[in-house]
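When you line the sequence shown up against our numbering, it's residues 383 to 565, in that order.
Just so it is clear, CB atoms sit at the ideal spot from N, CA and C, and this is done for glycine as well.
Being a predicted model, the structure only gives us computed values, none of them experimental.
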Amino acid sequence: MILEVMLSLANQRYTSEVYARRFLNIGPDSSIVGWAENMVIAGFHSPHLDILLGELEPFNKFEMDALLDRIQRELKLPSIRSKSEALEIIATAYGRRFIAGKADSASTLFYLSELCIAERYANEIYDFYLLHFAAVDLAIDEIQYYWPDANRTNIEEIIRHEFISWLQNHPLTEWKKFEWDNA
Numbered sequence: 383m384i385l386e387v388m389l390s391l392a393n394q395r396y397t398s399e400v401y402a403r404r405f406l407n408i409g410p411d412s413s414i415v416g417w418a419e420n421m422v423i424a425g426f427h428s429p430h431l432d433i434l435l436g437e438l439e440p441f442n443k444f445e446m447d448a449l450l451d452r453i454q455r456e457l458k459l460p461s462i463r464s465k466s467e468a469l470e471i472i473a474t475a476y477g478r479r480f481i482a483g484k485a486d487s488a489s490t491l492f493y494l495s496e497l498c499i500a501e502r503y504a505n506e507i508y509d510f511y512l513l514h515f516a517a518v519d520l521a522i523d524e525i526q527y528y529w530p531d532a533n534r535t536n537i538e539e540i541i542r543h544e545f546i547s548w549l550q551n552h553p554l555t556e557w558k559k560f561e562w563d564n565a
């Protein structure tokens, strides 16, 4: 039960994240309807946001993209201009959930390392790839070669510090007023 709650909390997408995933051509999943619900509860109103609330899986990506375009225009959401920006937004979303205690370091770093690989070892999030494999190695052995000075006693502290630093350097001020948890 606790794992299910953590997974559902971890899948509560932020507005910026929904649009970053779309920019990177990551197909929609059930979390997009949860995002729409959170937006409406937070006081955001849009005719197409209401339509999204009624959608069920499996989703037609083309229809969802068109719906997201309409929502973006209706709510006057910012536009993502580059792959780098999209990757930074996604890393920020995962970092926020981790720091807030809504996700653990292992699942957070696993997702970001998989995204890093999928995006051809994207430099923007490569440190999370390195941290993931440092933590994996330290879970099974005393040594790792991915992160300087990381060991079994300090790896979680290093991960936490890196995410805090990331969030300070990537505040996403342009998106803040459009996030359902800040409304």
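Let me know if N551 comes out buried or exposed under the rule of 16 or more other beta-carbons within 10 Å of its beta-carbon.
Translated into positions along the sequence shown, residue 551 becomes position 169. N551 is exposed by the Cβ-count criterion.
Please report how far the alpha carbon of I546 lies from the alpha carbon of N420, in whole angstroms.
On the sequence shown, residue 546 is found 164 positions in, with the first residue counted as 1. On the sequence shown, residue 420 is found 38 positions in, with the first residue counted as 1. Their backbone Cα atoms lie some 25 Å apart in a straight line.
Let me confirm a value: I414 is counted as buried when at least 16 other C-beta atoms fall within 10 Å, else exposed. Which label applies?
Taking the first residue of the sequence shown as 1, we reach residue 414 at position 32. I414 comes out buried.
Expected contact under 8 Å - CB spacing of L549 and G477 to nearest Å:
Indexing the sequence shown from 1 puts residue 549 at position 167. Indexing the sequence shown from 1 puts residue 477 at position 95. Indeed they touch by this definition, with Cβ atoms about 5 Å apart.
If the criterion is Cβ atoms closer than 7 Å, does the pair I462 and F405 meet it?
Locating residue 462 in the sequence shown gives position 80, counting from the first residue. Locating residue 405 in the sequence shown gives position 23, counting from the first residue. Their beta carbons are under 7 Å apart, which means I462 touches F405 by this criterion.
For the ligand MN, is there a heavy atom less than 6 Å away from the beta-carbon of V400?
Judged by which ligands are present, the structure shown has none, so any question about the ligand MN falls away.
Output the distance between the C-alpha atoms of Y528 and A418, rounded to the nearest integer angstrom.
Here residue 528 refers to the residue found at position 146 when the sequence shown is read from its first residue. Here residue 418 refers to the residue found at position 36 when the sequence shown is read from its first residue. C-alpha separation (whole angstroms): 39 Å.
Less than 8 Å between C-beta atoms, sequence neighbours within five positions excluded: which residues of the same chain meet that for I384?
Here the question's residue 384 lines up with position 2 in the sequence shown. Low confidence applies here, because I384 scores a pLDDT of 45, under 50, leaving its location unreliable and the question unanswered by this model.
Could you say which of A488, Y511 and T490 lies nearest to I499 if we only look at CA atoms?
Reading the sequence shown from its first residue, position 117 is the one you call residue 499. Cα-wise, what sits closest to I499 is Y511.
So, helix, strand or coil for E501, using DSSP?
Here the question's residue 501 lines up with position 119 in the sequence shown. Of the three classes helix, strand and coil, the one that applies to E501 here is coil, per DSSP.
Given a threshold of 16 other Cβ atoms within 10 Å of its Cβ, counted over all protein chains shown, does R542 qualify as buried or as exposed?
Reading the sequence shown from its first residue, position 160 is the one you call residue 542. Counting Cβ neighbours within 10 Å, R542 comes out exposed, since fewer than 16 surround it.
With a 10 Å radius around its C-beta and 16 neighbouring C-beta atoms as the bar for buried, classify E470 as buried or exposed.
As a first step, residue 470 must be located in the sequence shown, where it is residue number 88. Label assigned to E470: buried.
Secondary structure at N420, three-state DSSP: helix, strand or coil?
Here residue 420 is taken as the residue at index 38 of the sequence shown, counted from 1. Helix.
DSSP three-state call for E386: helix, strand or coil?
Position 4 of the sequence shown, counting from 1, holds the residue named residue 386. Per-residue confidence for E386 stands at a pLDDT of 47, beneath the threshold of 50, marking its modelled position as unreliable; no derived number is given.
With distance defined between alpha-carbon atoms, name the residue in S466, I540, H430 and E556 nearest to E445.
Within the sequence shown, residue 445 is the residue found at index 63, counting from 1. When only C-alpha atoms are compared, the closest one is H430.
Alpha carbon of L520 to alpha carbon of A475, nearest angstrom:
What you label residue 520 is simply residue 138 of the sequence shown in a count that begins at 1. What you label residue 475 is simply residue 93 of the sequence shown in a count that begins at 1. So the alpha carbons of these two residues sit roughly 25 Å apart.
Inside the region 391 to 479 only - alpha helix (DSSP H) runs reaching at least 4 residues:
Fully enclosed alpha helix (DSSP H) runs of 4 or longer: 397 to 405, 413 to 423, 429 to 435 and 443 to 457.
Quick one: grab the DSSP three-state call for L494.
In the sequence shown, residue 494 corresponds to position 112, counting from 1. Three-state DSSP puts L494 in a helix.
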